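Participant: I am attaching a structure below and will ask some questions about it afterwards.
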Amino acid sequence: MTIERSTPPLDVGAIRADFPILASSDARDQRLVYLDSAASSQKPRAVIEAIDDYYRESNANIHRGVYALSERATARYEEARHLVADFINAESPRECIFVRNTTEAINLVANAWGRRNVHQGDLIVVTEMEHHSNLVPWQLLAEQVGARIEAIPVTPDGVLDLDAYARLLAQEPKVVAVGHVSNSAGTINPVAEIARQAKAAGAVVVVDGAQAAPHLAVDVQALGADFYAFSGHKMLAPMGAGVLYGRLPLLEAMPPFLGGGGMIRKVEIGRSTWADVPARFEAGTPAVGDAIVLGVAIEYLKRIGMDRVREHERDLTAYGLARLGEIAGLSILGPRNADARGGVISFDVAGIHPHDVAAILDGHNVAVRAGHHCCQPLMRRFGLTATTRASFYVYNEPDDVDRLVEGILDAKRIFEA
Amino acid sequence: MTIERSTPPLDVGAIRADFPILASSDARDQRLVYLDSAASSQKPRAVIEAIDDYYRESNANIHRGVYALSERATARYEEARHLVADFINAESPRECIFVRNTTEAINLVANAWGRRNVHQGDLIVVTEMEHHSNLVPWQLLAEQVGARIEAIPVTPDGVLDLDAYARLLAQEPKVVAVGHVSNSAGTINPVAEIARQAKAAGAVVVVDGAQAAPHLAVDVQALGADFYAFSGHKMLAPMGAGVLYGRLPLLEAMPPFLGGGGMIRKVEIGRSTWADVPARFEAGTPAVGDAIVLGVAIEYLKRIGMDRVREHERDLTAYGLARLGEIAGLSILGPRNADARGGVISFDVAGIHPHDVAAILDGHNVAVRAGHHCCQPLMRRFGLTATTRASFYVYNEPDDVDRLVEGILDAKRIFEA
Amino acid sequence: MDNLYREVILDHYKNPRNKGTLDPADYSYEDTNPLCGDEIRIDLRVADGRVSEVRFSGRGCAISQAAASILTEMVENQTLDDVKALTKDDLLEELGVPISPARMKCALLGLKALKAGIYGVPPHDEDL
Amino acid sequence: MDNLYREVILDHYKNPRNKGTLDPADYSYEDTNPLCGDEIRIDLRVADGRVSEVRFSGRGCAISQAAASILTEMVENQTLDDVKALTKDDLLEELGVPISPARMKCALLGLKALKAGIYGVPPHDEDL
Ligand SMILES: Cc1ncc(COP(=O)(O)O)c(C=O)c1O
Ligand SMILES: Cc1ncc(COP(=O)(O)O)c(C=O)c1O
Chain A
1 MTIERSTPPL
11 DVGAIRADFP
21 ILASSDARDQ
31 RLVYLDSAAS
41 SQKPRAVIEA
51 IDDYYRESNA
61 NIHRGVYALS
71 ERATARYEEA
81 RHLVADFINA
91 ESPRECIFVR
101 NTTEAINLVA
111 NAWGRRNVHQ
121 GDLIVVTEME
131 HHSNLVPWQL
141 LAEQVGARIE
151 AIPVTPDGVL
161 DLDAYARLLA
171 QEPKVVAVGH
181 VSNSAGTINP
191 VAEIARQAKA
201 AGAVVVVDGA
211 QAAPHLAVDV
221 QALGADFYAF
231 SGHKMLAPMG
241 AGVLYGRLPL
251 LEAMPPFLGG
261 GGMIRKVEIG
271 RSTWADVPAR
281 FEAGTPAVGD
291 AIVLGVAIEY
301 LKRIGMDRVR
311 EHERDLTAYG
321 LARLGEIAGL
331 SILGPRNADA
341 RGGVISFDVA
351 GIHPHDVAAI
361 LDGHNVAVRA
371 GHHCCQPLMR
381 RFGLTATTRA
391 SFYVYNEPDD
401 VDRLVEGILD
411 AKRIFEA
Chain B
1001 MTIERSTPPL
1011 DVGAIRADFP
1021 ILASSDARDQ
1031 RLVYLDSAAS
1041 SQKPRAVIEA
1051 IDDYYRESNA
1061 NIHRGVYALS
1071 ERATARYEEA
1081 RHLVADFINA
1091 ESPRECIFVR
1101 NTTEAINLVA
1111 NAWGRRNVHQ
1121 GDLIVVTEME
1131 HHSNLVPWQL
1141 LAEQVGARIE
1151 AIPVTPDGVL
1161 DLDAYARLLA
1171 QEPKVVAVGH
1181 VSNSAGTINP
1191 VAEIARQAKA
1201 AGAVVVVDGA
1211 QAAPHLAVDV
1221 QALGADFYAF
1231 SGHKMLAPMG
1241 AGVLYGRLPL
1251 LEAMPPFLGG
1261 GGMIRKVEIG
1271 RSTWADVPAR
1281 FEAGTPAVGD
1291 AIVLGVAIEY
1301 LKRIGMDRVR
1311 EHERDLTAYG
1321 LARLGEIAGL
1331 SILGPRNADA
1341 RGGVISFDVA
1351 GIHPHDVAAI
1361 LDGHNVAVRA
1371 GHHCCQPLMR
1381 RFGLTATTRA
1391 SFYVYNEPDD
1401 VDRLVEGILD
1411 AKRIFEA
Chain C
2001 MDNLYREVIL
2011 DHYKNPRNKG
2021 TLDPADYSYE
2031 DTNPLCGDEI
2041 RIDLRVADGR
2051 VSEVRFSGRG
2061 CAISQAAASI
2071 LTEMVENQTL
2081 DDVKALTKDD
2091 LLEELGVPIS
2101 PARMKCALLG
2111 LKALKAGIYG
2121 VPPHDEDL
Chain D
3001 MDNLYREVIL
3011 DHYKNPRNKG
3021 TLDPADYSYE
3031 DTNPLCGDEI
3041 RIDLRVADGR
3051 VSEVRFSGRG
3061 CAISQAAASI
3071 LTEMVENQTL
3081 DDVKALTKDD
3091 LLEELGVPIS
3101 PARMKCALLG
3111 LKALKAGIYG
3121 VPPHDEDL
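Residue numbers (the working numbering), protein chains in the order written: chain A, 1 to 417; chain B, 1001 to 1417; chain C, 2001 to 2128; chain D, 3001 to 3128.
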């Protein structure tokens, strides 16, 4: 298979050396093959050491401290916000709100924007391949305000049915909530096109970027996303910090979501007024260190270059699709073509439950995920309850795919004996 | 001044040696005097190294992973939940929900419990000394459902007016939200008595334990708290993990707050059913490492012993009250007696704005906080907009109080020149 | 791991005992593992205070299916009191393979459905 | 820090220039620093396109009070266009002491109120 490259390949060996967990010795004799980055990525030394440094040298609560330590923490926290804004090409850092993760980001939108703008009888459009985190918040909203939810269906090859989407748009939905890259089918959705049509129909566009921001260059302005959510822990950063991007005029018109310290202007017992954006949406003590270190992770990724990250994963995915495709009884979810997918391959092995596949792979020290991947509607769409999923990142290499294939063959041997 | 001790004093020197930031050299010649633990505590080496170890050796997403790494992370995460439950004497670990911080915990209650149980015209009782985090969430709820808010007033010595409380209870409030220890006046509130009366009046009791759990032995059952919230970052742990305790029958009757991965049983496009408690309230990828390390911080505190922590801080506070009391023009908020207060001293220096006091103290490498401490109603009660606040923890010693006093005297010299 | 997929497990998985449903049944309950969506239903008929017939149905991994199959064998002809007294340790002993925490929910799904059927409410894992 | 509380700051703090209010005023705005609750109000009268009178009132730290006092001196007799063109750097230069990020909001509170008065909406700190 020949694939065009626009960037020189990654030096995966050098990158792997940056990740202590990949080198850590294990009771078992084989090196760890980590194929679960879609759930959470591993962390390079630069990130781990930055957390360490933060708590050794700069730790303090932010914003209201007049002393040097707190000023330093505050400055670095705001620097991280700049790095995030630059990473996704936001117009202003004020459009980037630090949250825990994608899930909290989308709940924030569904509550603060949704409760004010979505009313009885209004339509909320999601997709049949959404992660529960871009589905359940809308259900909770719909229940509160009496709105309806419809999903853009998924075709047999795991892509969105855009004709059906056009029909849904004719009903003038208030919001279109769509994942940028499916964590399960792997599909890269045509978000820019979906957003263009949504806006023409007057809808606000909420993009779940959990599987995109870590893996490809994201430009929220070019995409036309009104809101864009992602998680630091899936992109080499620690677990406490994620981001909600929102277009400034939308954010400025929104009431707060969580109430508490830091998000107010003036508080009386009976009522309060709110601070400016983004402080309005960051109630309480944020995970300051985690946000700062998200900035460090972004710098690590930028040094590699997001285009190279993308090409590396595309190549691995192409190799994975080819090798897995050789296994009898194995079927793969989603598009056949690596260009149309992120670095995620979900599959079913006839006659062997994904839990058993994953457990046998674990015996080979190959870490994959088994389950519905928080995509029950998509599973149901394909008549499954669960799949086994391998997902790639900068530290994976073709040998990891080979180890995966060996493990699957072993599972087949055990079960077909 | 002689104070009775029931425990041997802390070896503060040995404890200080555990905190790298306190030893870290500074451009300025004097060692750092950190008196802002009420905002966020510093972290001992055991905690910093545990974070490091987590990301080097055990990092993975939890719950749905079948492989060894994820099983280890899951087991340690649930172990931390046990440690938390034991620390506050919860009946079951299932009553302990990991959240980001106190603020998120109280918002969770106000939304998930509140929207179902508080209705038009209902009364919510707070106190005039609440932190905004135990006030604004109730305002947001009140606005949504049309409830009323009344505050238990604060007497001139900074304690709650329990006669006024009794009158408020006669109006049969749905909820009484009260801080265990004031972060600003320092007052230790009689929470057990307040809860007893609240329950007799049929109200649910929500306790903001942000300034209590880190500093004294908490027994949620003895207190009679229905909900109890606190933040890991104020008790030696990293910033991403805090706890909401809730009595099991209450939690089990509550709908979810945030929707997303991990909190569901079954998801269809239009509706979902929910997972059991506590998973129902932990949507999305939690700050796994931070929660695990909160367990490490709890073990560190338990090794010292919470009664000794309390006595240590009480002694420091007594010394602080005495030394600050000698400064002309300085007035202190809250009870005169160290037994009645946590390790927090807020004060006003006549003619010098708290920002200026704090900035001059920073010049002496003494870190204190200046501002309204997220307690605007309390500030207003005392005719202030801000105070300077010094707060103590296990690593502080009488010499820190002396350095504070020196710095304040310098501020007076500068301003009275 | 090789321990896990021992003959006994694979045998019960491939040749499940008492697979099917009973209609009518005296006790019947279907439970779902929320982590993976696997479902197991247990149907019981009781005569003279003893389990006269038992069937399991549903789908799931080898562990959950084999455990359910073994469970049906364990309760056949037992008194209802004996069934109530059955603990998770009894089942795990019978399974005879090391069950890691992550797979525990798989192994116990059938037992959970069984107890839920008898008591009318699903028990918590801790109470099994 | 000793730098911060230089004579000029302390002098303006203790002997503020143009302290008070104007009623009626042509432009008037009160702004609050949400971090500390400090408030500054600026009142302006304009005659022939020039600031004929200016007053500030409110309460706050030495930095915010001195900066507001200095600011009133800077805008006295200036054309409205000159006042509009005034930047935060102009003010910081006039203050002449190093302002750390945490104190920036204090130093700029008066300027923010001034601009809000003239434009009718409070500017963002970045735009000062
Ligand atoms: C009494 C009190 N409640 C609530 C909070 C809020 O805590 P967090 O910012 O960790 O949510 C604090 C600390 O800032 C506090 O002192
Ligand atoms: C597409 C997608 N959306 C949302 C999420 C939720 O992310 P988090 O758990 O970090 O909130 C995930 C990952 O689990 C995901 O893959």
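Cβ coordinates follow ideal geometry from the N, Cα and C atoms, glycine included.
As the structure is a prediction and not an experimental result, all values here were calculated from the model.
1) Taking any Cβ of chain G, which residues in the region 1254 to 1266 of chain B have a Cβ under 8 angstroms from it, in chain order?
2) Closer than 9 angstroms by beta-carbon distance: list the chain B residues that pair up with D/Arg3059, in chain order.
3) Taking only heavy atoms of ligand 2 into account, decide whether any of them is closer than 7 angstroms to the Cβ of B/Gly1260.
4) What are the uninterrupted segments assigned as beta strand (DSSP E) that are 3 or more residues long and contained completely in the region 216 to 296 of chain A, given in chain order?
5) Using a Cβ cut-off of 8 angstroms, pull out every chain B residue sitting near A/Ala151, in sequence order please.
6) Measure the CB-CB distance between A/Gln211 and A/Val181 and report whether it falls below 8 angstroms.
7) Is there a C-beta anywhere in chain D that falls below 8 angstroms from the one on A/Arg31?
8) Roughly how many whole angstroms lie between the Cα atoms of B/Asp1219 and B/Asp1226?
9) Does the beta carbon of B/Gly1240 fall short of 7 angstroms from some heavy atom of ligand 2?
10) Hey, out of A/Val401, A/Leu216 and A/Ala367, whose CA is closest to B/Tyr1067's CA?
11) Could you give the uninterrupted runs of the beta strand (DSSP E) lying entirely in the region 1151 to 1220 of chain B, keeping only those of 3 residues or more?
12) In this structure, how does DSSP classify B/Gly1383 when only helix, strand and coil are distinguished?
13) Mind checking who C/Thr2079 pairs with in its DSSP beta bridge?
14) Spatial neighbours of B/Ala1195 within its chain, please: C-beta separation below 7 angstroms, excluding the five flanking residues on both sides.
15) Any chance the CB of B/Gly1186 is under 7 angstroms from a heavy atom of ligand 1?
16) I'd like to know if C/Ser2100 contacts chain B, where contact means its C-beta is closer than 8 angstroms to some C-beta of that chain.
17) When the Cα of B/Gln1171 is compared with those of B/Val1178, B/Arg1314, B/Gly1158 and B/Gly1202, which residue comes out closest?
18) Give me the residue from A/Gly114, A/Arg314 and A/Thr155 with the minimum Cα distance to A/Trp138.
19) Could you check if B/Ser1006 is buried or exposed, using at least 16 other CB atoms within 10 Å of its CB as the buried criterion?
20) Secondary structure at C/Ile2009, three-state DSSP: helix, strand or coil?
21) Please give the ranges of any alpha helix (DSSP H) in the region 1001 to 1087 of chain B, keeping only runs that are unbroken, at least 4 residues long and fully inside the region.
22) Going by the C-beta, is D/Gly3117 closer than 7 angstroms to any heavy atom of ligand 1?
23) Please determine, among D/Lys3014, D/Ile3040, D/Gln3078 and D/Asp3031, the residue with the shortest C-alpha to C-alpha distance to A/Ala275.
24) Of all the options A/Thr187, A/Leu162, A/Ser231 and A/Arg31, which has the alpha carbon lying nearest to the alpha carbon of A/Ala198?
25) Rounded to whole angstroms, what's the CA-CA distance from C/Thr2072 to C/Ile2042? Just pull it up for me.
26) Ordered along the chain, which non-local residues of its own chain (more than five positions away) have a Cβ less than 8 angstroms from that of A/Met1?
27) Run down chain A in chain order and give the residues with a C-beta less than 7 angstroms from the C-beta of D/Leu3035.
28) Which residues, in order along the region 132 to 148 of chain A, keep a beta-carbon less than 7 angstroms from a beta-carbon of chain B?
29) From this set, A/Leu108, A/Val109 and A/His82, which residue's C-alpha is nearest A/Cys96's C-alpha?
30) Are the C-beta atoms of A/His233 and some chain B residue less than 8 angstroms apart?
31) Which chain C residues are close to B/Ala1177, counting only those with a beta carbon under 8 angstroms from its beta carbon?
32) Please classify B/Leu1123: is it buried, with 16 or more other beta-carbons within 10 angstroms of its beta-carbon, or exposed?
33) With a CB to CB cut of under 8 angstroms and the five nearest residues on each side skipped, what residues in its chain are close to C/Ala2116?
34) Using the C-alpha atoms, what's the distance from A/Thr388 back to A/Val357?
35) What are the residues of the region 3011 to 3045 of chain D that lie near chain A, defined by any Cβ-Cβ distance shorter than 9 angstroms?
36) Looking at D/Ile3040 and D/Ile3058, is the spacing between their C-beta atoms short of 8 angstroms?
Facilitator: Working from what's here:
1) Any reference to chain G falls outside this structure, whose protein chains are A, B, C and D.
2) His1353 and Thr1385
3) yes
4) Taking only runs of at least 3 residues, the beta strand (DSSP E) segments lying wholly in the region 216 to 296 of chain A are 227 to 231, 242 to 246, 264 to 267 and 272 to 274.
5) Simply Ile1269.
6) yes
7) no
8) Each residue's alpha carbon lies about 12 angstroms from the other.
9) no
10) A/Ala367
11) Counting only runs of at least 3 residues, the region 1151 to 1220 of chain B fully encloses the following beta strand (DSSP E) elements, listed from N- to C-terminal order: 1175 to 1179 and 1204 to 1208.
12) coil
13) C/Arg2050
14) Val1205, Leu1223, Gly1224 and Ala1225
15) no
16) Closer than 8 angstroms: yes.
17) B/Gly1202
18) A/Gly114
19) exposed
20) helix
21) DSSP runs (the alpha helix (DSSP H)) wholly in the region 1001 to 1087 of chain B: 1012 to 1017, 1020 to 1023, 1045 to 1053 and 1068 to 1087.
22) no
23) D/Asp3031
24) A/Leu162
25) Approximately 9 angstroms, taken between the alpha carbons.
26) Its pLDDT being 46, under 50, A/Met1 is placed unreliably in this model, and the value from its coordinates should be taken loosely. Around A/Met1: Ala318, Tyr319 and Ala322.
27) His63 and Arg64
28) Within the region 132 to 148 of chain A, contact with chain B at the beta-carbon level (separation under 7 angstroms) is assigned to His132, Ser133, Leu135, Val136, Pro137, Gln139 and Leu140.
29) A/His82
30) yes
31) Simply none; closest approach about 30 angstroms.
32) buried
33) Only Tyr2029, Asp2031, Pro2122 and Pro2123 meet the Cβ criterion.
34) Taking C-alpha positions only, A/Val357 is separated from A/Thr388 by approximately 7 angstroms.
35) Thr3032, Pro3034, Leu3035, Cys3036 and Gly3037
36) Sequence check: residue 3058 of chain D is Gly here, not Ile. Yes, they are a contact pair.
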